[in-house]
Amino acid sequence: MSSEQEAAPPLRRVPDGRTHLWRAHNIFRVVTLCYAIIWFAVLVDDYQRPWLGWIAIVTMTVWTPYTIWRYRHRSGRTNRLVLLDQVVVTVVFATSEFTLTDEQMLGGLPTLTTLWHSSMITAAAAQWGMLGGGISGVVAAAGHTLARGYIDPNITMDALLMVGPGLLIGLASDTARRSTERLTRALRAEASTAERERLARSIHDSVLQVLARVRRRGTELGGEAAELARLAGEQEVALRALVAASPAESPDDGSADLAGALQVLNSGQAQVSVPATQVWVPAVVSRELTALVREALENVERHAGPDAGAWVLLEDLGDEVVVSVRDNGPGIPDGRLGTAESEGRMGVAQSIRGRVHGLGGTISLDTAPGEGTEWEVRVPRTETSRTKRRKGVAS
Numbered sequence: 035m036s037s038e039q040e041a042a043p044p045l046r047r048v049p050d051g052r053t054h055l056w057r058a059h060n061i062f063r064v065v066t067l068c069y070a071i072i073w074f075a076v077l078v079d080d081y082q083r084p085w086l087g088w089i090a091i092v093t094m095t096v097w098t099p100y101t102i103w104r105y106r107h108r109s110g111r112t113n114r115l116v117l118l119d120q121v122v123v124t125v126v127f128a129t130s131e132f133t134l135t136d137e138q139m140l141g142g143l144p145t146l147t148t149l150w151h152s153s154m155i156t157a158a159a160a161q162w163g164m165l166g167g168g169i170s171g172v173v174a175a176a177g178h179t180l181a182r183g184y185i186d187p188n189i190t191m192d193a194l195l196m197v198g199p200g201l202l203i204g205l206a207s208d209t210a211r212r213s214t215e216r217l218t219r220a221l222r223a224e225a226s227t228a229e230r231e232r233l234a235r236s237i238h239d240s241v242l243q244v245l246a247r248v249r250r251r252g253t254e255l256g257g258e259a260a261e262l263a264r265l266a267g268e269q270e271v272a273l274r275a276l277v278a279a280s281p282a283e284s285p286d287d288g289s290a291d292l293a294g295a296l297q298v299l300n301s302g303q304a305q306v307s308v309p310a311t312q313v314w315v316p317a318v319v320s321r322e323l324t325a326l327v328r329e330a331l332e333n334v335e336r337h338a339g340p341d342a343g344a345w346v347l348l349e350d351l352g353d354e355v356v357v358s359v360r361d362n363g364p365g366i367p368d369g370r371l372g373t374a375e376s377e378g379r380m381g382v383a384q385s386i387r388g389r390v391h392g393l394g395g396t397i398s399l400d401t402a403p404g405e406g407t408e409w410e411v412r413v414p415r416t417e418t419s420r421t422k423r424r425k426g427v428a429s
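This is the structure:
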C-alpha cells in the first residue's frame, strides 16, 4: 500500500456563507461615510455647535476603517464588536440633537450621520440574522423619530427603510449560516467516510484476513481449536460491523446517529438491522438506548446461552424511534420478573425499564416459555425535562 493511500484526507475549512454580506456592509459603510462628510462640509457653518460636529465626523472616520478591517476576517466578526458597533453608531447619531439647530432638525435637514446611521442595521443583520436585524432597525428608527420630534410620511418611510432591510438582510444571513452548517457537516461526513474506507482497506488486508484464517483452521482442527475458531469468527463479525458502521458525527445541535451506534453491536450472536439513512436523536437518547440494547444482549447471552440468536431492529417513525430486541431463547416464565424484583434483584427493572422511563418512553415485553423474548422500546425524539436536567439544563 502506497503512502498516498495511507495518508488521511485533510478536512477542508468551509468559508463563511455570510462573507458576501459583510463585504456589502463594508462597501455601504464607506459610501455612507462619504455621503455624511459631504453634507457636513455643506452645513457645518450653520451648526449650533460645529466643534461637536467635528468630533462626530472624526469618530465616524476612525470607526469606519477599524470595523472594516475587523469585519473582513471571520475571526473579527464577534458578537462583542457588533454590539459595540451598535452603541458607537447610536451615540454618534445622538450628537446630532446637540449639534444641529432646532430649525435644522425640524426642517428635515440631514443629521450628522445621515445614511451612515443605517450601517449599524446591516452589521446586526449580517451577524444575528432576522431577529438582530429587526431589533437594530427598530432601535434606529425609534432614535431617528425621537430626534426629529415629530412624525410625518417622510419619517414613517425612513422607519420602514430601516426595519425592512434589517429583516431582509437578516433572512439572507440566516439562510447563508444554515447553508454553511450543512456544508460543514457534509464535508465532515465525507472526510470521516474516506478515513473509514482507508482504515477498512488496511484492516481487511491484515486483521480480518488473520481472523478468517484462524476461524477456518480452527474449525478444521476441532477440539479446543474449534472454540478459538468460534471466538475468532465472532470478533471478525464484530470488526466488520464496526468498519461498516456509519461515521460518527458531532453536529452543533448535540444530536447523534442512533443507527451508527447500534450497528457496532452487530456480532455473530446478534444481528442488527437499521435504516439505510442516519437516525438523528439527542445524544443522551442515543447513549441510553445503546446501553439498553447492550444490556439486553448481555442478558440473552447470560440466560439463553451463547448458542441463542438475537435480533435488533431500529425503526424511525418520525416523531419517535422504536427499538426491538428479540431472541430465540427459552423465554421468561410468568411472574419471574415480579419475583426477582421482590427479592431485590432489580437488574431488568432498573437497567432497562429505568432507562426507558428516564427518556420519557414506553417499553413492552412479549415472552413465553419456549418462545423467546422480545423487548419493544418506544422513545420520543424530543428530550424530556428529566433528560434535560441530566444534561444540566433547567426544565
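Oh and the sequence shown: position 221 is 255 in this note's numbering, straight run, nothing missing.
Glycine included, C-beta positions come from ideal geometry on N, C-alpha and C.
- Taking all protein chains in view, the Cβ of G177 is crowded by 16 or more other Cβ atoms within 10 Å, so the residue is classified as buried.
- Here D361 is not near A325, since their CB atoms are 8 angstroms or more apart.
- With fewer than three CB-CB distances shorter than 8 angstroms, the stretch 98 to 114 does not count as touching the stretch 142 to 149.
- In this structure W409 is buried. Its beta-carbon is surrounded by 16 or more other beta-carbon atoms within 10 angstroms.
- With contacts defined as CB atoms closer than 8 angstroms, A157 and H54 fail to qualify as a contacting pair.
- Annotation for W56: Y105, A160 place their beta carbon closer than 6 angstroms to its own, counting only its chain and skipping 5 residues before and after.
- Three or more pairs of CB atoms, one per stretch, sit closer than 8 angstroms, so the stretch 299 to 314 contacts the stretch 347 to 365.
- The straight-line gap separating the alpha-carbon atoms of I61 and G141 is approximately 30 angstroms.
- The stretch 317 to 333 and the stretch 400 to 414 touch, with three or more beta-carbon pairs separated by less than 8 angstroms.
- In this structure, Q82 places its C-beta atom within 8 angstroms of the C-beta atom of L134.
- Taking the C-beta atoms as reference points, L180 is found no nearer than 8 angstroms to T129.
- Around Q120, the same chain offers M154, A157, A158, S170, V173 as residues with beta carbons nearer than 8 angstroms, after the five sequence neighbours per side are excluded.
- 8 angstroms or more divides the Cβ of R387 from the Cβ of A210.
- When the five nearest sequence neighbours on each side are left out, the beta carbons in the same chain lying within less than 7 angstroms of the beta carbon of M164 are those of L201, G204, L205, D208, in order along the chain.
- In the three-state DSSP reduction, T311 falls in the coil class, being neither helix nor strand.
- DSSP places P403 in no beta strand (DSSP E); its state is neither H nor E.
- Taking 8 angstroms as the upper bound for CB-CB distance, V413 and L393 are in contact here, some 5 angstroms apart.
- Looking only at L217, Y184, V241, G168, the smallest Cα-Cα distance to V197 is reached by G168.
- Scanning its chain for C-beta atoms nearer than 6 angstroms, with the 5 sequence neighbours on each side dropped, one finds around T145 the residues S130, in chain order.
- Rounded to whole angstroms, the separation of the alpha carbons of A220 and F74 is 51 angstroms.
- Between A344 and V357, the C-beta spacing is not below 8 angstroms.
- Looking at the DSSP output, P316 sits in a beta bridge with S289.
- DSSP links D350 through a beta bridge to V355.
- Leaving aside the five residues that flank S320 on each side, the residues in its chain whose CB is nearer than 6 angstroms to its CB run, in chain order, A290, L292, A295.
- Within 10 angstroms of the beta-carbon of E405 lie fewer than 16 other beta-carbons, which makes it exposed.
- Comparing C-alpha distances from T95 to each of W103, L118, N113, I71 shows the shortest one belongs to I71.
- Contact check for T401 and I366: beta-carbon distance about 4 angstroms, within the 8 angstroms limit, so the pair qualifies.
- Take S213, set aside five residues on each side of it, and the residues of its chain with a beta-carbon closer than 8 angstroms to its own are G51, in chain order.
- Beta-bridge partners of T396 (DSSP): R412.
- By the neighbour-count definition (other C-beta atoms within 10 Å, threshold 16), R251 is an exposed residue.
- Per DSSP, the continuous alpha helix (DSSP H) segment holding G167 begins and ends at 153 to 182.
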